[in-house]
Amino acid sequence: MTLVDSRIPDPKKFIAGATGDWEIVVGLEVHAQVLSNAKLFSGASTTFGSEPNDNVSLVDAAMPGMLPVINEECVRQAIRTGLGLKAKINNRSVFDRKNYFYPDLPQGYQISQFKDPIVGEGVVQVSVGPNSKGEFDEVEIGVERLHLEQDAGKLLHDQHPSMSLVDLNRSGVALMEIVSKP
Numbered sequence: 532m533t534l535v536d537s538r539i540p541d542p543k544k545f546i547a548g549a550t551g552d553w554e555i556v557v558g559l560e561v562h563a564q565v566l567s568n569a570k571l572f573s574g575a576s577t578t579f580g581s582e583p584n585d586n587v588s589l590v591d592a593a594m595p596g597m598l599p600v601i602n603e604e605c606v607r608q609a610i611r612t613g614l615g616l617k618a619k620i621n622n623r624s625v626f627d628r629k630n631y632f633y634p635d636l637p638q639g640y641q642i643s644q645f646k647d648p649i650v651g652e653g654v655v656q657v658s659v660g661p662n663s664k665g666e667f668d669e670v671e672i673g674v675e676r677l678h679l680e681q682d683a684g685k686l687l688h689d690q691h692p693s694m695s696l697v698d699l700n701r702s703g704v705a706l707m708e709i710v711s712k713p
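Take 532 as the starting number for the sequence shown in my numbering and just add one per residue.
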């Protein structure tokens, strides 16, 4: 097994630039939808293919006074995924507001995790190859974190000739964001 150590520069990963050599560093953020019958913070359905705005609760629509309640099944699935990544499961997990304005985000913020994610560092093993001998190498890639967050809605640009419409069916659906180390 090969352990990828990002602290030691590999000369093969450099490319020449006008101001000097540049090191190629790649990291991934994978967004995976949590399979659940209800959204992350509301009881609205996550059924795919419904008519626009059929699966929207008062929480998803950001109606005043509506408070989010965590979907425990989404938390369980994030923990199971973390165990599969041989990751640290944090005893303390906090949700944050990621503020930005976009028409398909009625709250004006996304409920996500930054400082205290549900899952900490872990690893994933990947088979790489085959090489010239037909052999595969096992490479271990570090996982920095896994956190839960809400998905945004969807803009529909093909329903009207001069306007974009908003479909909030996806708004609030649970996502796991898995962040690799570089």
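Glycine residues also receive a C-beta, built at the ideal position from the N, C-alpha and C atoms. Small disclaimer: the values here were computed from a predicted structure and weren't measured.
Exercise for the section: Less than 8 angstroms between the CB atoms is what I'm expecting for Glu680 and Glu708, so what's the real figure, rounded? Expected result: At roughly 6 angstroms, the Cβ-Cβ gap stays under 8 angstroms, so Glu680 and Glu708 are in contact.
Practice task
Check each candidate in Ile672, Leu589 and Ala609 and name the one with the smallest Cα separation from Asn700.
Solution key: The shortest Cα separation from Asn700 among Ile672, Leu589 and Ala609 belongs to Leu589.
Problem - Closest by C-alpha distance to Val674, when choosing among Glu560, Lys543 and Ala547 - result: The alpha carbon of Val674 has as its nearest neighbour, out of Glu560, Lys543 and Ala547, the alpha carbon of Glu560.
Exercise for the section: Within 10 angstroms of the Cβ of Gln641, are there 16 or more other Cβ atoms? Answer buried if so, exposed if not. Expected result: Burial of Gln641 is indicated by the presence of at least 16 other C-beta atoms within 10 angstroms of its C-beta.
Practice task
Hey, could you find the ends of the alpha helix (DSSP H) Gly615 is sitting in?
Solution key: Boundaries of the alpha helix (DSSP H) around Gly615: Glu603 to Gly615.
Exercise for the section: Please report how far the alpha carbon of Arg623 lies from the alpha carbon of Gln690, in whole angstroms. Expected result: Distance between the alpha carbons of Arg623 and Gln690: 44 angstroms.
Practice task
Determine which residues share a DSSP beta bridge with Arg623 and list them.
Solution key: Note: Arg623 sits in no beta bridge, so no partner.
Practice task
Look at the Cβ atom of Ile610, then the Cβ atom of Ile649, and state whether they are nearer than 8 angstroms.
Solution key: Their beta carbons are under 8 angstroms apart, which means Ile610 touches Ile649 by this criterion.
Problem - Three-state secondary structure assigned by DSSP to Lys712 - result: If DSSP states are grouped into helix, strand and coil, Lys712 belongs with coil.
Exercise for the section: Determine the direct distance from the alpha carbon of Val556 to that of Ser711, and round the result to whole angstroms. Expected result: Approximately 12 angstroms, taken between the alpha carbons.
Practice task
With a 10 Å radius around its C-beta and 16 neighbouring C-beta atoms as the bar for buried, classify Thr578 as buried or exposed.
Solution key: Exposed: under 16 other Cβ atoms inside 10 Å.
Handout entry: Span of the beta strand (DSSP E), counted from its first residue to its last, around Leu598
Key = Secondary structure note for Leu598: it is in no beta strand (DSSP E), with a DSSP letter that is neither H nor E.
Problem - Whether Leu636 touches Ala563 by CB criterion (8 angstroms) - result: Going by C-beta atoms, Leu636 is not nearer than 8 angstroms to Ala563.
Practice task
With a 10 Å radius around its C-beta and 16 neighbouring C-beta atoms as the bar for buried, classify Asp585 as buried or exposed.
Solution key: With a 10 Å radius around the Cβ and a threshold of 16 neighbouring Cβ atoms, Asp585 comes out exposed.
Handout entry: First through last residue of the beta strand (DSSP E) which encompasses Ile672
Key = For Ile672, the enclosing beta strand (DSSP E) stretches over residues Asp668 to Gln681.
Practice task
Specify, as a first and last residue, the run of the beta strand (DSSP E) that Glu560 falls within.
Solution key: That run of the beta strand (DSSP E) goes Glu560 to Gln564.
Problem - Cβ-based neighbour list, Arg628, same chain, cut-off 6 angstroms, excluding 5 preceding and 5 following - result: Within the same chain, Arg628 has close Cβ partners Tyr640.
Exercise for the section: Measure the C-alpha to C-alpha separation of Gly615 and Thr550 and round it to an integer number of angstroms. Expected result: Cα-Cα distance, rounded: 43 angstroms.
Problem - Own chain, CB closer than 7 angstroms to Lys685, minus 5 neighbours either side, in chain order - result: Answer for Lys685: Asp635, Asp698 and Arg701, listed in chain order.
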